[in-house]
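I have placed the structure first, in the form of structure tokens, so that the comments after it can refer back to it.
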Amino acid sequence: MATVIDSSDNKSFMPDEAAFKRGLAGRQTRGRVWQIFFVASIVIALLALLALFFNVVNSSFGLVASTFQVDPDSIVEGGDFAAASTEELAAAIVRLRENPAKVLVRDISAVPTNEFTTRPLNDVLAGRTVPEGLGELTINELTPEQLTSVVAANVSRDVLLTYIADDLVGEDVLETFPLIDSLFNRGTIEAFVLEEFGGEEENIEVYFRSWLRPSFIVTKQSSDPIATGVSTALLGTVWIVGITVLVAFPIGVGAAIYLEEYSTPNNKWANRFARLVETNIRNLAGVPSIIYGLLGLAIFVRALVDITSGSFLGFEGNGRTILSASLTMALLVLPVIIINAQEAIRAVPPSIREASYGLGATKWQTIWRQVLPAGMPGILTGTILGMSRAIGETAPLVVIGASTAIFVDPNGPFSSFTALPIQIYQWTARPQPEFRAVAAAAIIVLLVLLLLLNATAIFLRQYFRRKLQG
Amino acid sequence: MTQNGAYAFELKDVNIYYGTKLAVKDVNITIPNQKITAFIGPSGCGKSTVLRALNRMNDLIIGARLDGDVRFGGQNLYEPTVDPVEVRRRIGMVFQKPNPFPKSIYDNIAYGPRLLGVRAKSMLDDIVESCLKGSYLWDEVKGDLKKSGLALSGGQQQRLCIARTIAVEPEVILMDEPCSALDPIATQAIEELMRDLVKQYTIVIVTHNMQQAQRVSDFTAFYSIRKEAESGGKENRWGILAEYAPTERLFSNPASEETERYIRGEFG
Chain A
1 MATVIDSSDN
11 KSFMPDEAAF
21 KRGLAGRQTR
31 GRVWQIFFVA
41 SIVIALLALL
51 ALFFNVVNSS
61 FGLVASTFQV
71 DPDSIVEGGD
81 FAAASTEELA
91 AAIVRLRENP
101 AKVLVRDISA
111 VPTNEFTTRP
121 LNDVLAGRTV
131 PEGLGELTIN
141 ELTPEQLTSV
151 VAANVSRDVL
161 LTYIADDLVG
171 EDVLETFPLI
181 DSLFNRGTIE
191 AFVLEEFGGE
201 EENIEVYFRS
211 WLRPSFIVTK
221 QSSDPIATGV
231 STALLGTVWI
241 VGITVLVAFP
251 IGVGAAIYLE
261 EYSTPNNKWA
271 NRFARLVETN
281 IRNLAGVPSI
291 IYGLLGLAIF
301 VRALVDITSG
311 SFLGFEGNGR
321 TILSASLTMA
331 LLVLPVIIIN
341 AQEAIRAVPP
351 SIREASYGLG
361 ATKWQTIWRQ
371 VLPAGMPGIL
381 TGTILGMSRA
391 IGETAPLVVI
401 GASTAIFVDP
411 NGPFSSFTAL
421 PIQIYQWTAR
431 PQPEFRAVAA
441 AAIIVLLVLL
451 LLLNATAIFL
461 RQYFRRKLQG
Chain B
471 MTQNGAYAFE
481 LKDVNIYYGT
491 KLAVKDVNIT
501 IPNQKITAFI
511 GPSGCGKSTV
521 LRALNRMNDL
531 IIGARLDGDV
541 RFGGQNLYEP
551 TVDPVEVRRR
561 IGMVFQKPNP
571 FPKSIYDNIA
581 YGPRLLGVRA
591 KSMLDDIVES
601 CLKGSYLWDE
611 VKGDLKKSGL
621 ALSGGQQQRL
631 CIARTIAVEP
641 EVILMDEPCS
651 ALDPIATQAI
661 EELMRDLVKQ
671 YTIVIVTHNM
681 QQAQRVSDFT
691 AFYSIRKEAE
701 SGGKENRWGI
711 LAEYAPTERL
721 FSNPASEETE
731 RYIRGEFG
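Protein chains in written order, with our numbering: chain A, 1 to 470; chain B, 471 to 738.
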């Protein structure tokens, strides 16, 4: 390159051309080193994420070795009992377990239990369907075919299926295997299972099991790893996050509007007060969540028990409810929402406000019609962050008193509850290895829920952004 | 607040402060009705400050303060009983950088009337059409009123801002260097529009462009800077109204030497 400026002047700081070239090469090299560092950072982050996914997926799918009291493939002809008709299911139960089949009838009978076997079917099934010609017989006088027809006519298909899956099959998991081994070392696993359990157990089967299955999501919690589900914890989390957002969003945005728009900067003391509040909010964002849990325990669970237990509306119970958990979570995520909403409101161009005021808008009209719509994408970003935090938090819920053994789905703000992270922790802490596979499946459910909620919020954010850009 | 007499604004002994700093001192000026009055002067002379004092836009700036009299149609705008919201509805403003709302063209113009509670679609439609026609924008955008105001060119955006301003039927339009961000062709369109608008409105325009002041304005006010050494080597500067006359006279026969030097382009 030709020298444009004459550097022969001794006062010039410019190096001569050779020195300049050397220096330039050095400067470029430094840039490239930094670039490598940045790429490496991303690669490390991605690897960590991949490791997490791998670990979870590896545990939630794979071979299991189970013993069965009855081989599930032998229950009905064709093997798949889940697809069989009511009559086939009833016949199978009667064939394999005659007395439990009678118990199924007893569960719906109209007479006292001790008279069940001595009274005629017309009395036992009063108001229900009695197959023709059997009305005068007692249940013990029926032939298996006749019993089958009684069961098929009176017991619902769902009850029969549940009975077969939970009791008749009697699956007991001996060992679970991770996905990678299951895919590539099936032979070794089968040999291992035969050697290990072949002598002492009967009806051993090694089969591929996806612990994450539709029934896992809609089934309540159970102490049997085969039959347990995540619906209790899933609904608990959805309720908590829903109420948290409903409470924290308006309060957080309201506080941000006050701090940014109304905290009267012309008044020295009001101004100092606002700055003090702001500083404290920023500090609150860093307070450990367990402390919020203790706060929630003192305020919502104890002091406000009449409200959080719902007793003022006639509900019964203590303050360890979804409402208490949601209010505590709302406190926890408020600083995040406030700080982000403040940034979003501050970032609205002053020219838009001026234009609005210039047309004779009042302060509130300007805030409502210009500032909030323009700031909404940023406000929603903060809400997404807060929501993600609320989904994942465990410590405050433990302090508030989430029940770990709860077998009823929550049905409102005054229910006792458990939540996904707590359920996952509880499952991983169990001694049976099957529960670790169950926990892995629950982790996938949690991640998918997180993704779905975030996707909704991101969709909303993009919607507002598009609306602004026209 | 009704307009009467030949003057829209009468300013008497107006001082404007930002915090403790004096920005403009002793402004006395009368601005006539249905004329274009231009404010010219070097950067920092306070011409925009005075302009923004005319519709209490300075109220939005933290620490801004005014003493003296700013009368609009005889009414002092800075009396405690006067609501700045009403002042700004009657005295509209067009800003230096075109600043349409991030909304459709239609909603930009309907914004002002909606603030006042106009809801009827047919009435809003009429307002939008007449304002767009009034700002020479109708033929360019009539096919697509749903388009975002931000999708227009700079000159179109500024005309949209003017249309938006006249939609609330102000009596005065203040323009703060409305053409400084525009190319010459767009500037020409705005200037033509101003000559047309002045048949109905009083216009006050701040401009850096002396040719523009000469072309469009009826009266010109020249603002200048006064300074005073302060202790500690600092300097105090404030703006004053240096000369005010009909445009033709001010440019052909300025009373002071300072004005003459400024309009010849020797400083500023």
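Glycine is no exception: its CB is placed at the ideal position from the N, C-alpha and C atoms.
6 Å Cβ shell around residue i - same chain, five flanking residues per side excluded
i        : result
A:Ser7   : Residue confidence for A:Ser7 is low, a pLDDT of 48 falling below 50, so the modelled location carries little weight; the figure read from the coordinates is stated next. Correct list, in chain order: Met14.
A:Thr148 : Ala90, Ala91, Val94
B:Ala725 : Glu713
B:Thr500 : Tyr477, Glu480
A:Pro144 : Val94
Contacting residues, own chain, Cβ-Cβ under 7 Å from residue i (five flanking each side not counted)
i        : result
A:Arg346 : Glu260
B:Leu492 : Asn485, Trp708
B:Gly533 : Tyr488, Gly489
A:Arg461 : Pro377, Leu380, Thr381
A:Ala330 : Thr244, Val247, Ala248
A:Leu294 : Val399
A:Ile281 : Pro335, Ile338, Ile339
Chain-ordered neighbours of residue i on chain B, where CB pairs are closer than 7 Å
i        : result
A:Thr476 : One cannot answer for residue 476 of chain A here, as it falls past the ends of chain A, which runs 1 to 470.
A:Ser59  : Near A:Ser59 there are no residues of chain B at all, since even the closest Cβ is about 48 Å away, more than 7 Å.
A:Gln365 : Leu585
A:Leu468 : Pro572
Range of the contiguous alpha helix (DSSP H) that encloses residue i
i        : result
B:Leu630 : 624-636
A:Leu183 : 179-184
A:Met329 : 322-346
A:Tyr207 : First-last for A:Tyr207: 204-210, but that is the beta strand (DSSP E), not the alpha helix (DSSP H).
A:Val43  : 17-60
B:Val540 : Counting along the chain, B:Val540 falls outside any alpha helix (DSSP H), though it belongs to the beta strand (DSSP E) covering 534-542.
B:Phe692 : Run containing B:Phe692: none in the alpha helix (DSSP H); it sits in the beta strand (DSSP E), 689-699.
A:Ala152 : 144-154
Boundaries (first-last residue) of the beta strand (DSSP E) holding residue i
i        : result
A:Leu174 : 172-176
B:Asn578 : No beta strand (DSSP E) contains B:Asn578, which is instead part of the alpha helix (DSSP H) from 575-585.
B:Leu481 : 477-488
B:Pro570 : Taken as a continuous stretch (DSSP letters only), B:Pro570 belongs to no beta strand (DSSP E), as it is neither H nor E.
B:Asp646 : 642-646
B:Arg707 : 705-716
Under 7 Å by beta carbon: chain A residues contacting residue i
i        : result
B:Val638 : Leu359, Gly360
B:Pro550 : Correct list: empty, because the minimum Cβ distance to chain A is about 15 Å.
B:Ala563 : The identity of residue 563 of chain B in the sequence shown is Met, whereas the question assumes Ala. Gly358, listed in chain order.
Under 8 Å from the C-beta of residue i: neighbouring residues of chain B
i        : result
A:Gln370 : Phe571
A:Ala374 : Pro572
Own chain residues within Cβ distance below 8 Å of residue i, not counting five before or after
i        : result
B:Pro739 : In this structure chain B extends from 471 to 738, so residue 739 of chain B is not present and cannot be described.
B:Ala659 : Tyr606, Gly625, Arg629
A:Met1   : Residue placement at A:Met1 cannot be trusted, given a pLDDT of 49 that sits under 50; what the coordinates show is reported in the next sentence. Same-chain partners within the cutoff: Glu17.
A:Phe459 : none
B:Phe737 : Pro512, Arg731
B:Leu663 : Ser605, Tyr606, Arg629, Ile632
B:Lys617 : Ser574, Ile575, Val611
Under 8 Å from the C-beta of residue i: neighbouring residues of chain A
i        : result
B:Leu492 : Within 8 Å Cβ-Cβ: nothing; B:Leu492 doesn't reach chain A, min ~18 Å.
B:Thr635 : Gly358, Leu359
B:Lys612 : Here the premise fails: no neighbours, minimum Cβ distance about 17 Å.
B:Tyr576 : Within chain A, no residue comes near B:Tyr576; the closest Cβ sits about 11 Å away, beyond 8 Å.
B:Arg734 : Neighbours of B:Arg734 on chain A: none; closest Cβ ~34 Å, over 8 Å.
B:Lys567 : Ser351
B:Met527 : Glu354, Tyr357, Gly358
B:Leu530 : Arg353, Glu354, Tyr357
CB contact check: residue i to chain C, cutoff 7 Å
i        : result
A:Ala355 : Within the model displayed, chain C is absent; protein chains A and B are what it includes.
Contacts that residue i makes with chain B (C-beta to C-beta distance below 9 Å)
i       : result
A:Ala19 : The premise fails here: A:Ala19 is roughly 41 Å from chain B at the closest Cβ pair, so nothing lies under 9 Å.
Amino acids of chain A, ordered along the chain, whose beta-carbon sits closer than 9 Å to that of residue i
i        : result
B:Gly582 : Leu359, Gly360, Ala361
B:Arg558 : Tyr357, Gly358, Leu359, Gly360, Ala361
Exercise for review: Take every Cβ of the region 604-612 of chain B, pair it with every Cβ of the region 537-549 of chain B, and state whether three or more of those distances are shorter than 8 Å.
Suggested key: no
**Study point:** Ordered list of alpha helix (DSSP H) runs contained in the region 265-324 of chain A, each at least 4 residues
**Key:** 268-284, 289-296, 305-308
Check your understanding: Do three or more CB pairs link the region 296-313 of chain A to the region 397-416 of chain A at distances below 8 Å?
Key -> Touching, per the Cβ criterion.
Practice item. Decide if the region 137-153 of chain A is in contact with the region 108-126 of chain A; the criterion is three or more beta carbon pairs, one per stretch, under 8 Å apart. Key: yes
Check your understanding: With a cut-off of 8 Å, do at least 3 Cβ pairs link the region 192-210 of chain A to the region 230-249 of chain A?
Key -> no
Review point. Where in the region 491-563 of chain B do unbroken runs of the alpha helix (DSSP H), each at least 4 residues long, occur, reported from the N-terminal end onward?
Key: 517-523, 554-560
Practice item. Taking only runs that begin and end inside the region 48-123 of chain A, name each unbroken alpha helix (DSSP H) of 4 or more residues, in chain order. Key: 86-96, 98-106
Review point. Just checking, does the region 439-453 of chain A make contact with the region 386-394 of chain A on the three C-beta pairs under 8 Å criterion?
Key: yes
Check your understanding: Can we say the region 513-531 of chain B touches the region 693-703 of chain B, given the rule of at least three CB pairs closer than 8 Å?
Key -> Contact between the region 513-531 of chain B and the region 693-703 of chain B is present: 3 or more CB-CB pairs across the two stretches fall below 8 Å.
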